[in-house]
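Numbering of the sequence shown is given in numbering that gives the first Met the number 0, commencing with residue 0 and proceeding in unit increments.
Beta carbons are placed, not taken as given, at the ideal position from N, Cα and C, and that holds for glycine.
The block underneath contains the structure these notes are about, expressed in structure tokens.
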Amino acid sequence: MAPSTLFRSEEMSLIQLYIPAEVAQPCVAELGELGKVQFRDLNPEVNAFQRSFVSEIRRLDEMERQCRFFQTQLAKSDIQVRPLTPAAYRSRARSAQEVDDLEENLKEYEGRISQMNSSYESLQRRYLQLTELRHVLRESAGFFEQAESRQDTIRNSLDIQDDSAPLLENDVEQNNYDSENLHLGYVTGVISRARMQTFERVLWRSLRGNLYMKSAEIDEPIVDPDTDSVVDKNVFCIFAHGTEIIAKIKKISESLGGTLYTIDDSADKRRDSLLEVTSRIEDLNNVLSTTNQTRRSELLKVSENVTAWTTIVRKEKAIYHTMNLFNYDVNRKCLIAEGWCPTNDIPLVQQSLKEATDASGTSLPSILTELHTKKTRPTYHRTNKFTEGFQGIIDAYGIARYREVNPGLFTIVSFPFLFAMMFGDIGHGALLFLTALYLCLNEKKLASNNGEIFKMFFGGRYMMLMMGIFSIFTGAVYNDIFSLSLNVFKSGFDLPSNYTSFESVEALPNGNVYAFGFDPAWHGAENFLLFSNSYKMKQAIVIGVIHMSFAVCLNVFNHIYYKRKAFVWLEFLPQILFMESIFGYLIFCIMYKWSVNWWELDSNGHHIHNAPPNLLNMLIYMFLTPGSVNPEEQLYPGQGPVQLFLILLAVVCVPWMWFGKPFYLKKEASKHHYETVAGDDNADEEEQAVAGTSNEDDEEEEEVKKKRHLLDFEFSEVMIHQTIHTIEFCLNCISNTASYLRLWALSLAHAQLSSVLWDMTLKIWFNMTGPIAVIGLVIGFAMWFTLTIGILLCMEGLSAFLHALRLMWVEFDGKFYNGDGINFEPFTFATILEPSSE
């Protein structure tokens, strides 16, 4: 991919299409397969229900509903749908006859399946009733035997006269009952086991204990036909006396979802009924099995084609939705369409239209013309599988203006590098690199995985690959591999023969310089943390200032492209001078301090380390005492006058930024006003004329709007806006520079956490011997590897990713990137068919 396509968005053109009515559908279908045209709505004032092809869309809506019905039935029956190959998704537009045949086919399948579903559901309900009745008849024999013995006890203990007497022997509210007049009634049925306790309580409190109830669990799973879920149920039998109490029991049972069954109180009749019900259940089982087999065979036929049907219906529906955006020319009998297209892809669009026209067999060609307009164009960045993830980071912040400088090109390098500065470790970077490499090498096989979290990682596989590579590089700079160091080159310090990386040593410089990265002699030294902190903090400042300075410089390209060259002198120049006079000077001092050898030899030939000046104090006193420097804290000769000049330059840049741009805009507005005041009388007529013209007059319309905008110029509003912008830039130079210190802080945290993890899991076993040491090493390694993956790679990696993302969005993009553009959303079947994979 050429860098220019990432540096700026693709050049877009407004095209107009004249498509003959008889080939409109195949032409639009071909453009949907190509996915290079974003159509404009030429009928914005027309209601969606009054457009030309609303009847076809309603018809396809019904067909799509039928396809969803088939997919639901297949899912309930656990039947796999045959997927289409990627090549099968690209299909030609269907003729009207083919759509009619598909509609009839769908109706026929839906009718048969709906009829079988209704029949199967009725049979299931009947099977449920017979199953419950069988359990009621089976359990009622024991219930009636217990009730009869209970009834004898009641008659022996109570003298019952009427039907209102209680059944319980300990209820002695009434003493004169005639036991010969006791007539017990009963209610039998089935209720959900979850409602059994509630059922018992309601009955007990409603009837004041005037009942005798028995229940038993049904061990056979009962399937509810409405929900197709298994429900646990209980058989109950309630004995009471009195018709009113029996009626109340029935109402309570039905209100709680119970099903009542009437059985005979004769044991012989119950036995005959049980045999009859069992026989009917066996017959019904055979009918259910046959019906289910027939329905399943019908669904298996549907499963072979339902994906293809859904694809065809969705494509046809999308075609008619797009055609509703067109105008119909009655005289020419053609559809007129307008849309945005990348200029480089116009030949592809013309070729697609020609292929669709030739395939239809008509001699009427489709005509494509390019319109000249000043309307706001959509933004389109051409990406591939490598750059897609990086461009997605930028688009998440905001869509670039048309032809605005795109940060996506620089994100490919800067984002992984910022991440690696916080994640710098050869071992951890290698694990991240290997994981990403596996995803990249097996991308065709893994692309079909639809897990949400996995798709997120898979989409950023090349970003992870770059992050791993850069982490290995920064880990080599830090000389850090799983909290240990590598002694590859000759050390710059004289080390004792018994030196190990786990001991503090006193070493003297030998005049040699370690070839790359941190000298391994620092690792484990008492002052290593002090040294690494100082280095990483200064490194973060240097990288941050360079990163932000580059972002400010990118404003020049935007100003030149949008023909605002005056802003280069009025906005960019004071900004870059202000930043470099303070923070650019700071990184110069850091570099200079690093380049000076602060070791000296005394008279005895011993090395003496002279304390270098403190740069933080130098920067503070640069503003407190401008022009003067303490000789003991002087970094280089002539430091005072240089700092005084830089402070004066920074002070001058503030009013330069503040007043230069507003007064320039005021001058331009005044100049334009004097040039157009003579023609101000007919400005309204120009607007009315433009409002009534077609899209060919968009340029005149935009000129009139621009003219009105300049005439409505308010200097006070511009001045307020520029004041806010100036204050924000000056303060952000400080806060954003400090924000880059997160590179130091997270790098320190990562290194220390890695060191603690090593010391607490593996290192403690190295000094032991015997079987305990072996077992401890195995357990320690398992813990170390698990915690390394879970904490250092996943949690720390996510933290470093988010911090790097913040630096890219706020500190870098915020300097030059507007991010208020319109995204290019072409008509493409690839987007429309995405929900079919869910």
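When the options are compared against residue i, the one with the closest alpha-carbon
i	options	result
Asn-116	Phe-6, Glu-199, Leu-287, Phe-143	Leu-287
Ala-668	Leu-623, Val-717, Leu-648	Val-717
Pro-377	Asn-405, Ile-411, Cys-340	Cys-340
Gly-391	Tyr-461, Val-555, Leu-618, Glu-369	Tyr-461
Phe-422	Phe-456, Asp-479, Asn-486	Asp-479
Trp-757	Trp-783, Val-229, Leu-742	Trp-783
Thr-290	Phe-235, Glu-120, Asn-343	Glu-120
Gly-426	Leu-483, Phe-457, Ile-393	Leu-483
Val-80	Tyr-379, Phe-488, Ile-589, Lys-300	Lys-300
Cys-732	Ser-139, Ile-581, Ala-524, Phe-235	Ile-581
Thr-226	Gln-123, Lys-250, Gln-538	Gln-123
Lys-75	Ser-265, Phe-48, Ser-302	Ser-302
Lys-249	Leu-210, Thr-624, Met-463	Leu-210
Met-212	Thr-197, Gln-96, Ala-239	Ala-239
Close Cβ partners of residue i (< 6 angstroms) along its chain, the five nearest in sequence each way excluded
i	result
Asp-170	Model confidence at Asp-170 stands at a pLDDT of 40, short of 50, so the residue's coordinates are unreliable and nothing is read from them.
Gly-397	Gly-818
Glu-795	His-749
Met-621	Gln-642
Leu-352	Cys-26, Ser-365
Arg-194	Leu-255
Backbone secondary structure at residue i - three-state DSSP
i	result
Ala-649	helix
Lys-670	helix
Gln-538	helix
Gly-239	Note on identity: in this sequence residue 239 is Ala, with Gly being the wrong assignment. Note: Ala-239 maps to strand in three-state DSSP.
Ile-366	strand
Asp-271	helix
Gln-633	coil
Thr-378	strand
Gln-292	helix
Arg-39	coil
Asp-679	Caution is warranted here: a pLDDT of 45 is assigned to Asp-679, below 50, making its placement in the model unreliable, and no coordinate value can be reported.
Leu-832	coil
Asp-819	strand
Leu-436	helix
Val-189	strand
Leu-483	strand
Ile-398	strand
Tyr-560	helix
Asn-613	coil
Extent of the continuous beta strand (DSSP E) run through residue i
i	result
Asn-326	326–328
Ser-214	211–216
Asp-223	221–223
Met-759	It is not in any beta strand (DSSP E) - Met-759 instead sits in the alpha helix (DSSP H) that spans 741–760.
Met-767	First-last for Met-767: undefined, no H or E at that position.
Ser-228	228–230
Thr-258	258–260
Close-in-space but distant-in-sequence residues of the same chain around residue i (CB under 8 angstroms, 5 per side omitted)
i	result
Glu-297	Tyr-108, Arg-111, Ile-112, Met-115
Phe-527	Trp-521
Pro-661	Phe-714, Val-717, Met-718, Gln-721
Span of the alpha helix (DSSP H), counted from its first residue to its last, around residue i
i	result
Ala-857	Residue 857 cannot be examined here, being either before or after the span of the chain that is shown, 0 to 837.
Met-463	460–477
Ile-18	Element bounds for Ile-18: not the alpha helix (DSSP H) but the beta strand (DSSP E), 11–19.
Tyr-584	584–594
Same chain, Cβ closer than 7 angstroms to residue i, five either side skipped, listed in chain order
i	result
Asn-155	Note that Asn-155 scores 46 on pLDDT, short of 50, meaning its location in the model is unreliable; the coordinates nonetheless yield the value given after this. Same-chain partners within the cutoff: there are none.
Thr-842	Any question about residue 842 goes unanswered here, given that the chain covers just 0 to 837.
Arg-839	As displayed, the chain neither begins before 0 nor continues past 837, which places residue 839 out of reach and without an answer.
Tyr-663	Ala-565, Leu-569
Leu-436	Leu-464
Interface flag, residue i vs chain B, CB-CB below 8 angstroms
i	result
Leu-255	In the structure shown, chain B cannot be found, because there is only a single protein chain.
Would you be able to state if there are at least three C-beta pairs under 8 angstroms between the segment 319–331 and the segment 92–108? no
Pairing CB atoms from the segment 303–312 with CB atoms from the segment 62–69, are three or more of them under 8 angstroms? yes
So, does the segment 27–46 touch the segment 422–430, judging by three or more C-beta pairs under 8 angstroms? no
Three or more C-beta pairs under 8 angstroms: does that hold for the segment 44–62 against the segment 347–359? no
Check whether the segment 804–820 touches the segment 544–554, counting contact only when three or more Cβ pairs, one atom from each stretch, lie closer than 8 angstroms. yes
Under 8 angstroms, with one C-beta from each stretch per pair, do the segment 565–579 and the segment 589–597 reach the 3-pair mark? no
Under 8 angstroms, with one C-beta from each stretch per pair, do the segment 15–31 and the segment 818–831 reach the 3-pair mark? yes
On the three-pair Cβ rule with 8 angstroms, is the segment 9–23 touching the segment 368–383? yes
Three Cβ pairs or more, each shorter than 8 angstroms: is that satisfied between the segment 254–263 and the segment 184–195? yes
Report yes or no: do the segment 787–806 and the segment 735–747 share at least 3 C-beta pairs separated by less than 8 angstroms? yes
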